[in-house]
Amino acid sequence: MAKTMTGRRRDQIHHQPDIARAAGLIADPSRARMLKALSDGRALPAGLLAAEAGVSAATASAHLSKLVEARLVGVESAGRCRYYRLANPDISLALEALAVIAPPLPVTSLRESSTAGALRRSRTCYDHLAGQLGVGLLESLLKDGLLAGHDGTHRPDEAVRDGATGYGHDFDYRLTETGQETLVRFGVDVTRLPARRPLIRYCVDWSEQRHHLAGAVGAALTARLFELRWLRYGSSPRVVHVTEDGADGLAGTFGLRLAD
34 MAKTMTGRRR
44 DQIHHQPDIA
54 RAAGLIADPS
64 RARMLKALSD
74 GRALPAGLLA
84 AEAGVSAATA
94 SAHLSKLVEA
104 RLVGVESAGR
114 CRYYRLANPD
124 ISLALEALAV
134 IAPPLPVTSL
144 RESSTAGALR
154 RSRTCYDHLA
164 GQLGVGLLES
174 LLKDGLLAGH
184 DGTHRPDEAV
194 RDGATGYGHD
204 FDYRLTETGQ
214 ETLVRFGVDV
224 TRLPARRPLI
234 RYCVDWSEQR
244 HHLAGAVGAA
254 LTARLFELRW
264 LRYGSSPRVV
274 HVTEDGADGL
284 AGTFGLRLAD
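Take any residue in the sequence shown, count from 1 to its spot, add 33: that is its number in this note's numbering.
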């Protein structure tokens, strides 16, 4: 006898996705800023999200309630404080994909200019690296033969000709034997990574218009860089900085030399 189909699976078959509702929630500038702030995967307090969005605490609370109701954001309590995080990594991927086609926001202050520059240099895209650092890391892995399958260049027309299978799936990046051995020495055992998640994925980086490494390997590699204190978080959400030890380590381990 065939197994009984779950209610959730039946809903997926019998109901079309409400793209308009999701797009409407993201379209509000304040909510979009909150979602972008949450795109590094961490749980952030409502006060910080209000500051990022430039709105009052009451307005932020109303926006966050809508995002929680739509299951774009989850909430957890710690004492008297409430912390919010993206409901799942796919939301961050969707935001990153939208950023690829979105027009740039106008820069109206020195602080905004500094933040924009920092985000372009090095940031997190949920649980993996993005910006010039993320793109540079992928390029170094390809150059040294740790990864194979493509050259890291974003070519939309090529993907369409070859029959695109979805964002982050159009090209078949593969971890080589050398790559697996190098990662094990670095402290990332790919045989122990969660089987439920694709080993190698990529995102089209919105600021660099090239690929950066995602998937289980991208997340584990980023976590290891933080564990070694080669990376530290900046003062703005998503911004990360390479430490002095990190600059030396990235150059020695992966051949990645950062621009001054």
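Backbone N, C-alpha and C fix where the C-beta goes; we use that ideal spot for every residue, glycine too. Just so you know, these numbers come straight off a predicted model, no measurement behind them.
| If you compare alpha carbons, which of Leu-208, Ser-98 and Arg-188 is closest to Leu-175? | The residue with the shortest Cα to Cα distance from Leu-175 is Leu-208.
| query | Measuring CA to CA, which of Ala-163, Gly-288 and Leu-216 is closest to Ser-240? | reply | Minimum Cα distance to Ser-240 is reached at Ala-163.
| request: Using three-state DSSP, classify Leu-81 as helix, strand or coil. | output: Looking at Leu-81 - three-state DSSP - the assignment turns out to be helix.
| task | Counting only the same chain and skipping the five closest in sequence on each side, list residues whose C-beta sits under 7 angstroms from that of Gly-296. | result | Limits of the chain in this structure are 34 at one end and 293 at the other, which puts residue 296 out of reach.
| message | For Ser-110 and Tyr-116, what's the separation of their Cα atoms in angstroms? | response | Rounded to whole angstroms, Ser-110 to Tyr-116 spans 6 angstroms at the Cα level.
| message | Which residue wins for smallest C-alpha separation from Thr-92, given the options Asp-61, Thr-141, Thr-224 and Val-272? | response | Closest by alpha carbon: Asp-61.
| field | Classification of Ser-142 by the beta-carbon crowding that lies within 10 angstroms, buried from 16 upward | value | Result: exposed.
| request: Would you mind reading off the limits of the alpha helix (DSSP H) that contains Thr-157? | output: Thr-157 -> not in any alpha helix (DSSP H); beta strand (DSSP E) instead, spanning 156-158.
| task | Quick one: grab the DSSP three-state call for His-245. | result | Note: His-245 maps to strand in three-state DSSP.
| request: Please name the residue, chosen from Ala-132, Val-140 and Gly-87, that lies closest to Met-67 on a Cα-to-Cα basis. | output: Considering only alpha carbons, the answer is Gly-87.
| field | His-48 burial status per 10 Å Cβ neighbour count (16 or more: buried) | value | So His-48 counts as exposed.
| query | With Ser-63 and His-96 assumed to form a contact (beta carbons below 8 angstroms), what rounded beta-carbon distance in angstroms separates them? | reply | About 6 angstroms separates the two Cβ atoms, so the contact holds.
| Beta carbon of Gly-182, beta carbon of Asp-203: below 7 angstroms? | Result no, Cβ atoms of Gly-182 and Asp-203 do not sit closer than 7 angstroms.
| message | Suppose contacts are defined by Cβ-Cβ distances below 7 angstroms. Is Gly-288 in contact with Ser-146 by that definition? | response | In this structure, Ser-146 does not lie closer than 7 angstroms to Gly-288 by Cβ.
| request: With a floor of 3 residues, list each beta strand (DSSP E) that falls wholly inside the stretch 76-123, ordered by position along the chain. | output: For the stretch 76-123, whole beta strand (DSSP E) runs of length 3 or above, ordered along the chain, are 106-111 and 114-119.
| query | The alpha helix (DSSP H) with Leu-162 in it runs from where to where? | reply | Counted as a single uninterrupted DSSP element, the stretch harbouring Leu-162 is not any alpha helix (DSSP H) but the beta strand (DSSP E) occupying residues 161-163.
| query | Closest to Arg-54 by CA distance: which of Leu-166, Arg-265, Leu-82 and Lys-99 is it? | reply | Of the candidates Leu-166, Arg-265, Leu-82 and Lys-99, Lys-99 places its Cα closest to the Cα of Arg-54.
| Of all the options Val-275, Ala-284 and Gln-213, which has the alpha carbon lying nearest to the alpha carbon of Leu-152? | In terms of CA proximity to Leu-152, Val-275 leads the group Val-275, Ala-284 and Gln-213.
| field | Residue environment, Thr-224, which counts as buried when at least 16 other CB atoms sit within 10 Å | value | That one is exposed.
| Alpha-carbon spacing of Ser-89 relative to Ala-103, whole angstroms | Between Ser-89 and Ala-103, the alpha-carbon positions lie close to 21 angstroms from each other.
| task | Select from Gln-242, Val-108, Leu-105 and Arg-75 the residue whose C-alpha is nearest the C-alpha of Ala-130. | result | Nearest C-alpha to Ala-130: Gln-242.
| message | Please identify the residue among Ser-269, Ser-268 and Ser-125 whose C-alpha is closest to the C-alpha of Ala-65. | response | Residue Ser-125 is the option with its Cα nearest to Ala-65.
| field | For Ala-257, the residue or residues it bridges with in DSSP | value | It should be pointed out that residue 257 corresponds to Arg in this sequence rather than to Ala. The partner list for Arg-257 (beta bridge, DSSP) is empty, contrary to what the question assumes.
| message | So, at 6 angstroms on beta carbons, what are the nonlocal neighbours of Ala-280 in its own chain, with the 5 sequence-adjacent residues on each side left out? | response | Within the same chain, Ala-280 has close Cβ partners Leu-291.
| Is the Cβ-Cβ distance between Gly-178 and His-245 less than 7 angstroms? | With respect to the 7 angstroms criterion, Gly-178 and His-245 are not classified as neighbours on the basis of their beta carbons.
| Exposed or buried, Leu-128, counting other C-beta atoms within 10 Å across all chains shown (16 or more means buried)? | When all chains shown are included, Leu-128 counts as buried.
| field | 8 angstroms CB neighbourhood of Thr-157 in its chain, flanking five on each side removed | value | Once the five neighbours on either side are set aside, the close Cβ partners of Thr-157 are Ser-72, Asp-73, Gly-74, Ala-163, Thr-255, Arg-271 and Val-273.
| Residues bridged to Arg-234 (per DSSP) | Answer is Ala-247, bridged to Arg-234.
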